[in-house]
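Below: the structure, in structure tokens.
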């Protein structure tokens, strides 16, 4: 048996980030940037007002107060988006809106709340009384203050969220260069499998793994391609597995246990370069990893829970690495286990569990359903995998245990 | 001014969940179930083996041990997916694979590790030695043990993750009835806006809000429809706003501040039933909410950060409620503020900040960039909004503050 970490390291050491593609801003959401995003403009592109108010000359209003307001002639009214043509001379001011360019001559903006309209309601041709002094440059955002043309606003390797999209748009990018999402082929194996729409006859079960896996692939940032069920014949298995090179990754379920009727292993040994591991974990001990025609290949066990846990431990980090992410481990938290648990001491247990936040700020972890179920109920109700270490055959209630959060993304604080 | 909570309550009291639609399993990922998912089968559908081993009669092997093994005649070999036809009589056993149906006569399964092959390698026609006793029913999963036909495995209102998809597939569902995702129209307003591909001339800025908003809508579980830029004329504004009834929700940015050149407000008052709020928050105080032709309408302020924060506070909860979610508030954590902050005492501040987990398990919060920026840099680098309450004009470093996590979903522990 090899440890979980050993298996994970071997997998990740043989996985590399994919090539890049250019996509629209909306398509880039959640992807990893493959090139710095460079600004084609100064931000701000021009000196502009941070407030609705009056553009003034500092020298005119340095002594303004409620008690002795300074009266200025209003010479212009500047909305956002309009280039002012009338300069502000001594004793003058221009009404100015937030974001509008500051006119020549003015070197500060007085907030409208600190003025009182004089003649003509404080509009052009009338007057305004300034009730407070300003400092030079007050309420003015200077050209290039935040970013200069040619500077990067986003860096290669960053994950793209809504704010990064807005940021890229504001400096001239309507597409972005990102890492490609891995195309992941999904194959289920076994004579016992029937499609979901078929009512299983005696000895048959439905192929649910293709569906849960497709959802896991999508959630991990890959593109799932469900190729179907390979029957327990060498021909059938070979026909599906040989399609591996059409994809960036292939995942199969079932067919690699010690059972006598597993032909997948034989075909795999013939077609690929593969390791058959017994990983010191439960569920999901038998794991196959290698390549078929150069494409990374994962053979997960066929029990639905084992499939999902195996995906979490080995396939998801691989997909994330291919997609360019650097954070590859799900967030972990320490929680207080709320029940005694017996286990085999030779392997790590990943119990399907539910974390709840205690009023004190810590976490409590409880199993989220029957752990030997053929159904995914406990996985569905859970939000974590409670990790019980090798070397222990009993973990008492109240013990602090490590929990792997499967409800939030890698890299989250 | 009204409080953030008052505004949120008023919004949510006027929003209802949308109708339902039937979608494929993969399309249902992340959606809210609108009907219980009922099993059409017993699970397990038949008594089956939980192990690779031998199906035996308890009475035959009750005294088996390493020292005095019990030798049984192997009469059959049952792979998964095949209905056995040969019963197990006294003194007999059948080789059985995990998941295979238990043959008549057998009432327990001995793990292969607790047997030794006898004649013919333990295969059919040969013998097997059983080295340990079993209990009645050991390693057998009984028919209907987990779910009976007609029982629900998932309930209306639950959020669909990969495990729920696998669970639904295993009980016969290849489509699911879910709440419809809100179709959200996005309109930017302002003469100062140019499209992203245009280099802004004097006084102009790029329309980045449509892009960041589209990404926020998608991430919230809605479908964004970017309708474009409404110029500051009544005709142009009216032409776009009158399209509201084509959608489930309309969001505009800009045009509802106190600025003189805002025509949006005038058109809104003529076309819709709207409230113009000054919310006691910064950024994002001016918020408009109401309906146009029956469609909920949000008017967010035009500054990119104000737009995003306003979306978080008011539009996202509305989208989530429409999509059927019951958890509408982002997770909150208490964190230690790492720097002194001055503020106006009449409103709540939402600083763009970054939470980091302290070694002790608590959180520290720091601002993630220039808070008065015209760019979304601080929003991009942040993972939370640091909430500084009304009534305070200074919050000292070391104070415990509430942070709204914008990096993880509502309802997360």
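Residue numbers (the working numbering), protein chains in the order written: chain A, 1 to 413; chain B, 1001 to 1413. Each residue gets a CB set at the ideal place from its N, CA and C atoms; glycine is no exception.
Item	Value
By how many angstroms is the C-alpha of residue 1229/B removed from the C-alpha of residue 1277/B?	23 Å
Please list, in chain order, the chain C residues whose beta carbon lies closer than 7 Å to that of residue 1083/B.	No chain C is present in this structure, whose protein chains are A and B.
Just to confirm my understanding: we take residue 1204/B, look at its own chain, exclude 5 residues before and 5 after, and list those with CB closer than 6 Å. What are they?	1192 and 1194
Taking the beta carbon of residue 98/A as the centre, do at least 16 other beta carbons fall within 10 Å, making it buried, or is it exposed?	buried
What does the Cβ neighbour count give for residue 1146/B, buried or exposed, with the cut at 16 atoms within 10 Å?	buried
Is residue 1258/B helix, strand or coil by DSSP?	Residue confidence is low: residue 1258/B scores 48 on pLDDT, short of 50, so the model does not pin down where it sits. No coordinate-derived value is stated.
Please confirm whether residue 1115/B and residue 1022/B have their CB atoms less than 8 Å apart.	no
Assign residue 1244/B to one of three DSSP states: helix, strand, or coil.	helix
Have a look at residue 60/A and residue 1273/B and give me their C-alpha separation to the nearest angstrom.	45 Å
Looking at the strands, I want to know which residues DSSP matches up with residue 1223/B.	1183/B
How far does the alpha helix (DSSP H) with residue 1402/B in it reach, from first residue to last?	Not the alpha helix (DSSP H): residue 1402/B falls in the beta strand (DSSP E), residues 1400-1405.
Among residues of its own chain, excluding the 5 on either side of residue 1340/B, which ones have a beta-carbon nearer than 8 Å to its beta-carbon?	1394, 1395, 1396 and 1397
What first and last residue would you give for the beta strand (DSSP E) that runs through residue 365/A?	363-367
Thinking just about the alpha-carbon of each residue, which of 313/A, 65/A, 79/A and 250/A is nearest to the one in residue 1263/B?	79/A
Is there at least one Cβ from chain A nearer than 8 Å to residue 1258/B's Cβ?	Low per-residue confidence applies at residue 1258/B: pLDDT is 48, beneath 50, and the placement is therefore not dependable enough to give any value.
Report the start-end ranges of each beta strand (DSSP E) in the stretch 131-215 of chain A that is 3 residues or longer and not cut off at the edges.	152-154, 175-179 and 183-189
Among the candidates 222/A, 300/A, 351/A and 254/A, whose CA atom is the shortest distance from the CA of residue 17/A?	222/A
Kindly say whether residue 282/A, judged by its beta-carbon, lies nearer than 8 Å to any beta-carbon of chain B.	no
Give the DSSP bridge partners of residue 1072/B, in chain order.	1128/B
Taking CB distances under 8 Å as the criterion, tell me whether residue 172/A reaches chain B.	yes
List the endpoints of the continuous beta strand (DSSP E) containing residue 1335/B.	1332-1337
Give the DSSP bridge partners of residue 1094/B, in chain order.	1055/B and 1076/B
Just curious, the alpha helix (DSSP H) that residue 309/A is in, first and last residue?	304-310
So, helix, strand or coil for residue 112/A, using DSSP?	helix
Using three-state DSSP, classify residue 322/A as helix, strand or coil.	helix
Taking beta-carbon pairs under 9 Å, can you tell me which members of the stretch 140-158 of chain A lie near chain B?	141, 145, 146, 147, 153, 154 and 158
Is it buried or exposed for residue 1379/B, if we count other Cβ within 10 angstroms and need 16 for buried?	buried
Which same chain residues end up closer than 7 Å to residue 1062/B when comparing Cβ atoms and leaving out the 5 residues on each side of it in sequence?	1133
Note down, in chain order, each residue of its chain lying with its Cβ closer than 7 Å to the Cβ of residue 258/A, except the 5 sequence neighbours on either side.	Low per-residue confidence applies at residue 258/A: pLDDT is 48, beneath 50, and the placement is therefore not dependable enough to give any value.
Could you please give me the residues that DSSP links to residue 1048/B through a beta bridge?	1101/B and 1141/B
With three or more beta-carbon pairs closer than 8 Å as the criterion, would you say the stretch 278-293 of chain A touches the stretch 180-191 of chain A?	no
Cβ of residue 368/A within 8 Å of Cβ of residue 171/A?	no
Suppose contacts are defined by Cβ-Cβ distances below 8 Å. Is residue 405/A in contact with residue 349/A by that definition?	no
To the nearest angstrom, report how far apart residue 389/A and residue 1361/B are at their CA atoms.	21 Å
Should residue 1236/B be flagged as near chain A, meaning a C-beta pair shorter than 8 Å?	no
Nearest chain A C-beta to residue 1138/B closer than 8 Å, yes or no?	no
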